[in-house]
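Written out below as structure tokens is the structure these notes cover.
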Amino acid sequence: MEFEEIKVEEVEYKESEVIKFEEAGQEFIGRYLGFIEFTNDNGDGLFYKFADVDDDDLEYIIFGGLTVLDDRMKKVPIDAVAKIVYKGKKQSSKNKTRFFKDFQVFVAKE
-9 MEFEEIKVEE
1 VEYKESEVIK
11 FEEAGQEFIG
21 RYLGFIEFTN
31 DNGDGLFYKF
41 ADVDDDDLEY
51 IIFGGLTVLD
61 DRMKKVPIDA
71 VAKIVYKGKK
81 QSSKNKTRFF
91 KDFQVFVAKE
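Numbered according to my numbering, the sequence shown terminates at residue 100, and the numbering increases by one at each position without gaps.
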């Protein structure tokens, strides 16, 4: 009996730059590609994938898990050009000892 090896073509993965929102007023603009859910040792999570608006070979990821950002990103259509603006940390109106990261999300008009 003879056997033939099954070969898998090597997939070339694009390197993705992680965008971190650290300073109020920081903006990011990209073409939304969708989100990816994952599980690791720290639990479940998700991140959003974006392509550069001028160069599809450049990809960016933004980690979710931030309620304000996640709620807004649910409304962004796939392939839409989106702008995310980090508004800084805001104090919770319900619990004055808690703070959250606040965001605005915009979608380009066609």
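Ideal placement from N, C-alpha and C gives every residue a C-beta, glycine not left out. Note that the coordinates shown come from a computational prediction; the quantities given were computed from them, not determined experimentally.
Exposure of R88, with buried meaning 16 or more beta-carbon neighbours within 10 Å: Exposed: under 16 other Cβ atoms inside 10 Å.
Limits of the unbroken alpha helix (DSSP H) element including T57: T57: member of the alpha helix (DSSP H) spanning 57 to 63, first to last residue.
Where S6 sits in the DSSP three-state scheme: Judged by DSSP in its simplified three-state form, S6 adopts strand.
Spatially closest choice to N32 from E100, E5, G55, S6, by CA coordinates: It is G55.
CB-CB length for L36 against I26, believed under 8 Å: With 8 Å as the limit, L36 and I26 qualify as a contact, their Cβ atoms being about 6 Å apart.
Delimiting residues of the beta strand (DSSP E) encompassing R21: For R21, the uninterrupted beta strand (DSSP E) run begins and ends at 17 to 30, by DSSP.
Contacts around F93, its chain only, beta-carbon distance under 8 Å, and the 5 residues preceding and following it disregarded: Only F11, L56, V58, L59, R62, I74, V75, Y76, K77 meet the Cβ criterion.
Cβ-Cβ separation, A70 to Y38 (assumed contact under 8 Å), whole Å: Contact between Y38 and A70 does not hold, since their C-beta atoms are separated by about 12 Å, which reaches or exceeds 8 Å.
For A72, the three-state DSSP class (helix, strand or coil): Assigned with DSSP and collapsed to three states, A72 falls in strand.
Helix, strand or coil at L48 according to DSSP, with G and I counted as helix: Coil, per DSSP.
Simplified DSSP assignment, three categories, for F96: Residue state for F96 is assigned as strand, using DSSP reduced to three classes.
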